[in-house]
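Mapping of the sequence shown onto my numbering: position 136 corresponds to residue 706, and the numbering continues sequentially without gaps. Beta carbons are placed, not taken as given, at the ideal position from N, Cα and C, and that holds for glycine. Let me begin by presenting the structure, written as structure tokens, before commenting on it.
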Amino acid sequence: MTSLTDRKNAAISRGVGMTTQIYAERAENAEIWDRDGNRYIDFAAGIAVVNTGHRHPRVMQAVRDQLDRFTHTCHQVVPYENYVTLAERLNRAVPGDWPKKTAFFTTGAEAVENAVKIARHYKARPGIIAFSGAFHGRTFLGMSLTGKVQPYKAGFGPMMNDIWHLPFPNLLHGITQEDALDALDRLFRSDIDPARVAAIIIEPVQGEGGFYEAPPGFLQRLREICDQYSMLLIADEVQTGFARTGRLFAMEHHGVAADLTTMAKGLGGGLPISAVTGRADVMDSPAPGGLGGTYAGNPLAVAAALAVLDVIADEDLCARATRLGQRLKQRLASVVQDVPEIVDIRGPGFMNAMEFNVAGSDRPSPDMANRVREEALKRNLILLTCGVHGNVIRFLAPLTIPDAIFDEALDILETSIRAARA
Ligand SMILES: Cc1ncc(COP(=O)(O)O)c(C=O)c1O
571 MTSLTDRKNA AISRGVGMTT QIYAERAENA EIWDRDGNRY IDFAAGIAVV
621 NTGHRHPRVM QAVRDQLDRF THTCHQVVPY ENYVTLAERL NRAVPGDWPK
671 KTAFFTTGAE AVENAVKIAR HYKARPGIIA FSGAFHGRTF LGMSLTGKVQ
721 PYKAGFGPMM NDIWHLPFPN LLHGITQEDA LDALDRLFRS DIDPARVAAI
771 IIEPVQGEGG FYEAPPGFLQ RLREICDQYS MLLIADEVQT GFARTGRLFA
821 MEHHGVAADL TTMAKGLGGG LPISAVTGRA DVMDSPAPGG LGGTYAGNPL
871 AVAAALAVLD VIADEDLCAR ATRLGQRLKQ RLASVVQDVP EIVDIRGPGF
921 MNAMEFNVAG SDRPSPDMAN RVREEALKRN LILLTCGVHG NVIRFLAPLT
971 IPDAIFDEAL DILETSIRAA RA
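Encoded structure:
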């Protein structure tokens, strides 16, 4: 009989990469069961999506209730109240003490696309500044903004023009905040007049790029530079959002409000929805019909998102993210002295990562990261790697993970790290 892997290889484009060959049968909170009944602990959460766990009962109930009413009318044709309610809630929740408005989309890349469209329209300027190591999605604009060539950009060019990349400050890799700001200064002198720049887009913690957090004060400096040159600041909170970093939004750690904030992933608790929230005057720049999409703000996903926001508040998931991150870091600290390949353990809240070099060298070790991931998978713990060199393991379990399962996962993780050295 043909295996499912063979069928997959025959039927699906290889461009759609897969980290595991586990075919999900069902999932509950932080656990996934495959077709053969094997049980896995999920430290990927569908790439930072089910922060509230797989099938949170309140999210499921909200979706069921909505299923019984209607599933799709297209808000641009026949609108519905929940879309408005969710927008009102995001307008209140996103940092910035000015009037805000929101528009919904379906994916993170679409939110980024639309934030840039809105910024360019409002400023009537073409330039966008992004960062090396950034990840903003796989659409043409998202890919052009992304600062990682393999596998996201190679062979897909030409990229969109008027996009400029700065080094992301990263002390571990010898790039200071001053280096990044000097590069911006050089960019303005040698490549693009700041008067032609519409916006700077930044992930407060780089996700796919390696879980590097913007250093203290950096976002504040960008805010000042944006104000100085009348550019907009766009915070891409697609991966950092919705309690993952110990705050609803990572920008809150920096005391900075962006003009436009993009969200997706954790917002829908497993249903596809994304959003751009920002200054009301900026958001209102495009003419009616300039923004939207057939499925944008789908009723089922909107219902799920409203429940997700309730769950985050009622279960105090921001505080839980902080506690989980502390426990993970404590546990890893006890392993670190025996594992010279580990060069860093980092990340705010429970947006944590562990970086590997070849022992005793400065050379990144994607091999070690992959071996840890594979050893963990053998023991039924699902881990993800990230980083421009692929030498980082990121930890993204649901924030609702029960303590006993979290402890079990930490034991597996420690065993796997030790096994990866053997
Ligand atoms: C920061 C950031 N922006 C944008 C995206 C793109 O989101 P999507 O895959 O939903 O298009 C991602 C996805 O990982 C992301 O992490």
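Using a cutoff of 7 Å, the CB of ILE915 does not count as near ligand 1, since none of the ligand's heavy atoms is closer than that.
Scanning its chain for C-beta atoms nearer than 6 Å, with the 5 sequence neighbours on each side dropped, one finds around ILE602 the residues ALA594, TYR610 and ASP612, in chain order.
In this structure HIS624 touches ALA597 by the C-beta definition: roughly 4 Å separates them, less than 8 Å. A straight line joining the alpha-carbon of HIS824 with that of ASP806 spans about 14 Å.
Partner residues in a beta bridge of TRP668, as assigned by DSSP, do not exist. Under the rule that a run must span 4 or more residues, the alpha helix (DSSP H) segments found entirely inside the segment 623–682 read 627–637 and 651–663. GLU783 has its Cβ no nearer than 7 Å to any heavy atom of ligand 1. In this structure, ALA903 and GLU945 do not form a Cβ contact; the two beta carbons are roughly 20 Å apart against a cut-off of 8 Å. Counting C-beta atoms within 10 angstroms of its own C-beta, ASP973 has fewer than 16 neighbours from the protein chains shown and is therefore classed as exposed. In the structure shown, the three-state DSSP call for GLY848 is strand. DSSP lists ILE915 and ILE963 as the beta-bridge partner residues of MET924. Counting along the chain, the unbroken beta strand (DSSP E) around ALA594 starts and ends at 594–598. Here MET938 is buried. Its C-beta has 16 or more other C-beta atoms within 10 Å. Residue pairing from DSSP places ARG609 in a beta bridge opposite TRP603. VAL826 has its CB no nearer than 7 Å to any heavy atom of ligand 1. Here the alpha carbon of ILE882 sits roughly 7 Å from the alpha carbon of CYS888.
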